[in-house]
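Heads up, the sequence shown is in the numbering used here, so the first residue is 2 and it goes up one at a time.
All C-beta atoms, glycine included, are put in the ideal place defined by N, C-alpha and C.
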Amino acid sequence: MKVLVDSDFLVGLFREGDAHHLNSLNLLKKETRAGSGLFVSNLVLFETATVLAHRVNMDAVRLFYNRLPKLKLKQISIDEGLENKSWEIFLKQTKKGCSFVDCSNLAAVEIYKFDGILSFDKFYPKSLKKG
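Given below as structure tokens:
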């Protein structure tokens with residue numbers, strides 16, 4: 002299986018006080034045991050670092066950055082095709098406060114044919130969510 006990870010999952014992994022900390026740890030173990038390929042976009046990495054900086058501090062960001070390679074996530078960089086698809090999905094949204102990064106994750110699922118998303122975000126269809 003190919004699974005995309007979202008920033009709320011990563012924040013949960015790296016922030017012990019986060020409401021999703023234990024769920025994130027358990028999901029990571031489950032997906033690792035199942036042999037799932039875990040993928041992340043560079044936008045999600047930027048968003049995760051920003052959230053950690055706001056909610057915790059820069060030491061938490063440095064810890065995240067230094068421990069990230071141990072997760073063995075395959076990184077997707079946003080190219081022109083993925084950006085265009087992200088804009089297409091984003092501009093179709095009608096609810097206030099929609100996240101461009103979440104829309105880019107949906108675009109990545111479509112383009113790269115991911116089997117699901119490790120996320121706790123209600124934005125994603127239940128059929129995709131692993132969290």
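Nearest-angstrom beta carbon gap, residue j and residue i [assumed within contact, 8 Å]
{"i": "Arg56", "j": "Arg16", "result": "7 Å"}
{"i": "Gly133", "j": "Ile118", "result": "With the chain covering only 2 through 132, there is no way to say anything about residue 133."}
{"i": "Val45", "j": "Val6", "result": "7 Å"}
{"i": "Ser128", "j": "Ser105", "result": "Not confirmed; about 19 Å, so no contact."}
Among the options, the one whose alpha carbon lies nearest that of residue i
{"i": "Asp103", "options": "Phe65, Ala50, Asp19, Ser8", "result": "Ser8"}
{"i": "Leu92", "options": "Asp80, Ile79, Ser78, Leu107", "result": "Leu107"}
{"i": "Phe65", "options": "Ile79, Glu48, Ser78, Glu81", "result": "Glu48"}
{"i": "Gly36", "options": "Leu74, Gln94, Phe124, Thr51", "result": "Leu74"}
{"i": "Asn27", "options": "Lys123, Leu11, Leu44", "result": "Leu11"}
{"i": "Glu89", "options": "Pro70, Ala54, Ala109, Lys71", "result": "Ala109"}
{"i": "Leu23", "options": "Glu32, Lys31, Gly13", "result": "Gly13"}
{"i": "Thr33", "options": "Ala54, Asn67, Asn58, Lys71", "result": "Lys71"}
Under the three-state DSSP convention, the category residue i falls into
{"i": "Ile79", "result": "coil"}
{"i": "Val4", "result": "strand"}
{"i": "Val62", "result": "helix"}
{"i": "Ser42", "result": "strand"}
{"i": "Val18", "result": "Note on identity: in this sequence residue 18 is Gly, with Val being the wrong assignment. Coil at Gly18, not helix or strand."}
{"i": "Gly132", "result": "coil"}
Local Cβ density within 10 Å of residue i, reported as buried at 16 or more and exposed below that
{"i": "Gly132", "result": "buried"}
{"i": "Ala20", "result": "exposed"}
{"i": "Ser42", "result": "buried"}
Cβ pair residue i, residue j closer than 8 Å
{"i": "Ala61", "j": "Leu53", "result": "yes"}
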